[in-house]
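If you use UniProt numbering, the sequence shown closes out at 328, no skipped numbers anywhere.
Ideal Cβ placement from N, Cα and C applies to all residues, glycine included.
This one's a predicted model, so the numbers in the text were calculated from it and none came from an experiment.
Quick notes on the structure that follows.
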Amino acid sequence: MKKILITGAAGFLGSHLCDRFMKEGYHVIGMDNFITGDKKNIQHLLGLENFEFVAHDVTNFIELRGRLDYILHFASPASPIDYLKIPIQTLKVGALGTHNLLGLAKAKGSRILIASTSEIYGDPLVHPQTEDYYGNVNTIGPRGVYDEAKRFQEAITMAYNRFHGLETRIVRIFNTYGPRMRLNDGRVIPAFMGQALRGEDLTVFGDGSQTRSFCYVEDQIEGIYRLLLSDYEYPVNIGNPHEITIKDFAEEIIKLTGTKQKIVYKDLPVNDPLQRQPDISLAKKILNWEPKVSREKGMKITFDYFKSLSSEELYKAEHKNFKEHIKK
Ligand code: NAD
Ligand code: UDP
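See the structure below:
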């Protein structure tokens, strides 16, 4: 039985990856420190024979007994609001955390896949974004803590690949959504759906002409799964190329949720990318992958999930673990 370590296991993508690899018959070790994650995302796996959970901050030395075939490094705050609140932890998990996991992969002879992001392209001057575009990132802007950590993560991963001959994979994830996103994480889909459910107006930042392209989680997980098992060691974009302006998207959500509220406009956050759309030609070619779930279907499933949450969840303003970690 293949053994895989998944960091960020209690988070949105990490928990779906745990599910997928359990389904494929792997022995899964989930690791998380809960800074932006939630135990309830993996509650259904705890106690199963082939699932282990280790509560650990990956910026500290990682010790695991026995063999390890694969590592998926997904631990990192991912929402702009999260990484603005915990900037040092964001830099540390991308830099020190990745270094620890590469060291672990080297010691165990594991193949490692790291979660990179469309943010490494910054506010892109090339559209749609292809993997050979170097990006347009403000190193010292508020988003720099995330973008630069991820760029360092890619660089050190390729250094381990070239210098130590490590088997590495890099996925550049574009905006992905679905059940188990945190309702209060500030990302646009939970933000708009939470507002609709609470009867608040939908806050569009800027004039809403900036674009994003949203990928349903099931498609994203399939792409990551195929990339891990492929023999391609350079970065690959995984996302849905179906692009939409944030204003049109807010209108779509008003229609879907049936809310009587309206759109209100707020300031555009500093360095908020004005356009984002993945070019997925490479993923199509080498992984024979493309997204299958329409936005209409994916958004409906996601809204049903948010609707099923308790009112305590709906009105919770801040993640409980932030304050504790900020003190450290
Ligand atoms: P998330 O916040 O739901 O999950 C991240 C998980 O990592 C959380 O459970 C958190 O507690 C854990 N974590 C953070 N720092 C840690 C540390 N030092 N030690 C151990 N655990 C730690 O976010 P997500 O959307 O699931 O994102 C997962 C990964 O995918 C991240 O690396 C993110 O950068 C990347 N990504 C996600 C998206 C997206 O659209 N969801 C887009 C681009 C990249
Ligand atoms: N956004 C918005 N209103 C919100 C939250 C986000 O208009 O309440 C916008 C944000 O400015 C950005 C887009 O939605 O242009 C996507 O933001 P998100 O935080 O989901 O992630 P990003 O793609 O910026 O990393």
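Quick one: what's got a C-beta closer than 6 Å to residue i's C-beta in the same chain, skipping five residues either side?
i	result
His56	Met31
Leu104	Ile62
Thr259	Ala196
Leu96	Thr59
Val188	none
Whose C-beta lies closer than 7 Å to the C-beta of residue i among residues of the same chain, with five residues either side of it excluded?
i	result
Pro128	Pro241, Gln277, Pro278, Asp279
Leu282	Glu131, Val236, Asn237
Ile221	His16, Leu17, Arg20
Val126	Tyr133
Gly94	Ser76, Ala149, Lys150, Phe152, Gln153
Ala250	Phe192, Leu202, Val204, Gly208, Ile263
Let's test the definition: count the other Cβ atoms within 10 Å of the Cβ of residue i and tell me whether it reaches 16, buried, or not, exposed.
i	result
Ser294	exposed
Gly8	buried
His164	exposed
Glu154	buried
Ser139	The sequence given here has Thr at residue 139, not Ser. Its Cβ having fewer than 16 others within 10 Å, Thr139 is exposed.
Asn288	exposed
Tyr70	buried
Glu119	buried
Leu46	exposed
residue 333	Given a span of 1 to 328 for the chain in the structure shown, any question on residue 333 remains unanswerable.
Ser310	exposed
Asp267	exposed
Ile42	buried
Ile88	exposed
Tyr216	buried
Gly11	buried
Lys85	buried
Tyr265	exposed
His44	exposed
Tell me which same chain residues have a C-beta within less than 8 Å of the C-beta of residue i, skipping the five on either side of it?
i	result
Ile286	Ser230, Tyr232, Val236
residue 330	Within the shown structure, residues of the chain are numbered from 1 to 328, placing residue 330 beyond reach of any answer.
Gly186	Ser79, Pro80, Ile81, Asp82
Give the C-beta separation of residue i and residue j to the nearest angstrom, bearing in mind that I take them to be a contact with Cβ-Cβ under 8 Å.
i	j	result
Val145	Leu91	5 Å
Pro124	Asn271	Their Cβ separation, rounded to whole angstroms, is 12 Å, which puts Pro124 and Asn271 out of contact at 8 Å.
Arg198	Leu314	6 Å
Asn175	Arg212	5 Å
Leu166	Lys108	Not a contact, Cβ separation roughly 11 Å.
Ile29	Leu113	Their Cβ separation, rounded to whole angstroms, is 15 Å, which puts Ile29 and Leu113 out of contact at 8 Å.
Exercise for the section: Inspect the CB distances between the region 167-186 and the region 295-314 and report whether three or more fall short of 8 Å. Expected result: yes
Problem - At least 3 beta-carbon pairs within less than 8 Å: the region 68-76 vs the region 42-53 - result: no
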